[in-house]
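Enquirer:
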Ligand SMILES: [Zn+2]
Ligand SMILES: [Zn+2]
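Residue numbers (our numbering): 1 to 45.
(1) Please classify residue 26 as buried or exposed, where buried requires at least 16 other C-beta atoms within 10 Å of its C-beta.
(2) Can you tell which of 11, 6, 37 and 36 has the C-alpha that lies nearest to the C-alpha of residue 22?
(3) Less than 8 Å separating the beta-carbons of residue 15 and residue 36?
(4) For residue 19, which of 33, 12 and 28 has the nearest alpha-carbon?
(5) Quick check: the Cα distance between residue 2 and residue 9, rounded to an integer number of angstroms?
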């Protein structure tokens, strides 16, 4: 099973993108990362 690079949990599926520096994150960490990213983008606008 893959391991999330952020919370180190064993998970069934991991996600990566340029925002995670192509490290594999579980869905919770991945969603949380993009959630805060969207929040800060809204602040900037
Ligand atoms: Zn995680
Ligand atoms: Zn992303």
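Positions of the beta carbon are idealized from the N, C-alpha and C atoms, including for glycine.
Expert: On the basis of the data shown:
(1) As a working mapping, residue 26 is identified with position 26 in the chain shown. Burial call: buried.
(2) As a position in the chain shown, residue 22 is number 22, starting the count at 1. When each option's Cα is compared against that of residue 22, the closest is 6.
(3) Indexing the chain shown from 1 puts residue 15 at position 15. Indexing the chain shown from 1 puts residue 36 at position 36. Not in contact: residue 15 and residue 36 (Cβ atoms no closer than 8 Å).
(4) Within the chain shown, numbered from 1, the residue matching residue 19 stands at position 19. When 33, 12 and 28 are compared, the shortest CA-CA separation from residue 19 is found for 33.
(5) Within the chain shown, numbered from 1, the residue matching residue 2 stands at position 2. Within the chain shown, numbered from 1, the residue matching residue 9 stands at position 9. Residue 2 and residue 9: Cα-Cα distance of roughly 8 Å.
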